[in-house]
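Residue numbers (the numbering used here): 306 to 603. Glycine included, C-beta positions come from ideal geometry on N, C-alpha and C. Computed from a predicted structure; not experimentally measured. A quick write-up on the structure given underneath.
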């Protein structure tokens, strides 16, 4: 039933920590999901310093999906989008041929402080969409399908699952859900996809007589029909889809071709990827130290 269990590795982003789950040495991707970071939870103090912000930086060949449980982040990007990201909403930025964006604490949280908690995922684009025009789409929490049964509620963030769909545009078959379970509640993992996983944000789950806790991603074997049981109040993200084939990743760039990543490096260094509108006075430079490209993701 289980193919692998991945434990989040802590990473300091200069103001708060994240739990890095994907990519992992033994499992680079789950369906098209090529990156998965658990942000926080962290209680930010009043007067959050600007050094905590994520300054403008570039992406190619992917879509970023920012989903919050608590807090607020201001998104700006080079398409001109400016959007406050709040809990339960979907913020889907498609980098395609090249985009830059920033994530700043420009709302009330800057002055008052408060809890920040969420997930940032990257979804690789299929080869025929890697050079699509960049775009940003926001869907409020009220626009997303919510369903439930005894002791369980879930929100479909993107894709198709349990016979439901929504209007979030994706480029390949996938599903992405946020579920809240009370003790004793059970949740079946959606079928019909080649690759599937569940990430425990908080709480404890039981599967096949074993317990799993916060910070663990359960990657399921193909053909299995896993049913998760909550042992205490639990928050779970379900994700998966169809594999896209090998991918390379370097810094913020994802592509099926190594030469395309080299071009993206040169474009950012030369200033050929425009900066976000209204946030173009600073940026994160290309890392000076060369990083070896990992093996192709599968």
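Report the option in the options whose CA atom is closest to the CA atom of residue i.
i, options, result
"residue 313", "398, 517 and 392", "517"
"residue 375", "480, 413 and 361", "413"
"residue 309", "347, 317, 368 and 327", "327"
"residue 557", "466, 407, 416 and 523", "407"
"residue 500", "522, 484 and 509", "522"
"residue 468", "458, 450 and 484", "450"
"residue 334", "348, 554, 510 and 509", "554"
"residue 473", "419, 447, 582 and 397", "397"
"residue 459", "362, 493 and 340", "493"
"residue 475", "511, 441, 392 and 495", "441"
"residue 434", "561, 585, 573 and 587", "561"
"residue 373", "540, 563, 576 and 583", "540"
"residue 587", "509, 355 and 348", "355"
"residue 585", "348, 317, 353 and 385", "385"
"residue 527", "348, 496 and 447", "496"
"residue 514", "447, 567 and 536", "536"
Among the residues of its own chain, which have a CB less than 7 Å from the CB of residue i, if the five just before and after it don't count?
i, result
"residue 456", "486, 487, 489 and 490"
"residue 389", "377, 379 and 412"
"residue 531", "306, 494, 512 and 525"
"residue 367", "339, 400, 427, 428, 429, 430 and 559"
Are the CB atoms of residue i and residue j nearer to each other than 7 Å?
i, j, result
"residue 498", "residue 542", "no"
"residue 569", "residue 404", "no"
"residue 409", "residue 358", "yes"
"residue 482", "residue 471", "no"
"residue 331", "residue 423", "no"
"residue 431", "residue 400", "no"
"residue 559", "residue 552", "yes"
"residue 445", "residue 394", "yes"
"residue 538", "residue 420", "no"
"residue 627", "residue 592", "Because the chain in this structure spans residues 306 to 603, residue 627 falls outside the shown range and cannot be described."
"residue 311", "residue 340", "no"
"residue 502", "residue 544", "yes"
"residue 426", "residue 370", "yes"
"residue 391", "residue 353", "no"
Return the chain-ordered list of same chain residues with a C-beta closer than 6 Å to the C-beta of residue i, the five sequence neighbours on each side being excluded.
i, result
"residue 579", "383"
"residue 337", "428, 429, 477, 479, 546 and 549"
"residue 529", "306"
"residue 589", "360 and 362"
"residue 534", "491 and 511"
"residue 572", "578"
"residue 576", "none"
"residue 437", "401"
"residue 443", "388 and 396"
"residue 448", "none"
Over what stretch of residues does the beta strand (DSSP E) that includes residue i continue unbroken?
i, result
"residue 369", "367-375"
"residue 555", "553-555"
"residue 342", "338-349"
"residue 522", "521-525"
"residue 323", "322-327"
"residue 558", "558-560"
"residue 363", "359-364"
"residue 512", "509-512"
"residue 539", "539-546"
"residue 589", "Segment: none, residue 589 is in no beta strand (DSSP E) and carries neither H nor E."
"residue 515", "515-518"
"residue 532", "532-535"
What does a CB cutoff of less than 8 Å around residue i pick up in its chain, not counting 5 residues either side in sequence?
i, result
"residue 315", "322, 323, 324 and 325"
"residue 417", "351"
"residue 583", "381 and 387"
Span of the alpha helix (DSSP H) holding residue i?
i, result
"residue 314", "Unbroken run through residue 314 is the beta strand (DSSP E), 314-317; no alpha helix (DSSP H)."
"residue 438", "From DSSP, residue 438 is part of no alpha helix (DSSP H); its letter is neither H nor E."
"residue 566", "563-574"
Give a yes or no on whether 7 Å exceeds the smallest Cβ distance from residue i to chain C.
i, result
"residue 464", "Within the model displayed, chain C is absent; a lone protein chain is all it includes."
Review point. Residue ranges of each alpha helix (DSSP H) run of no fewer than 4 residues wholly in the region 370-432, ordered along the chain?
Key: 414-417
Point to revise | Inside the region 435-506 only - beta strand (DSSP E) runs reaching at least 3 residues | key: 440-444, 451-454, 457-466, 479-486 and 491-493
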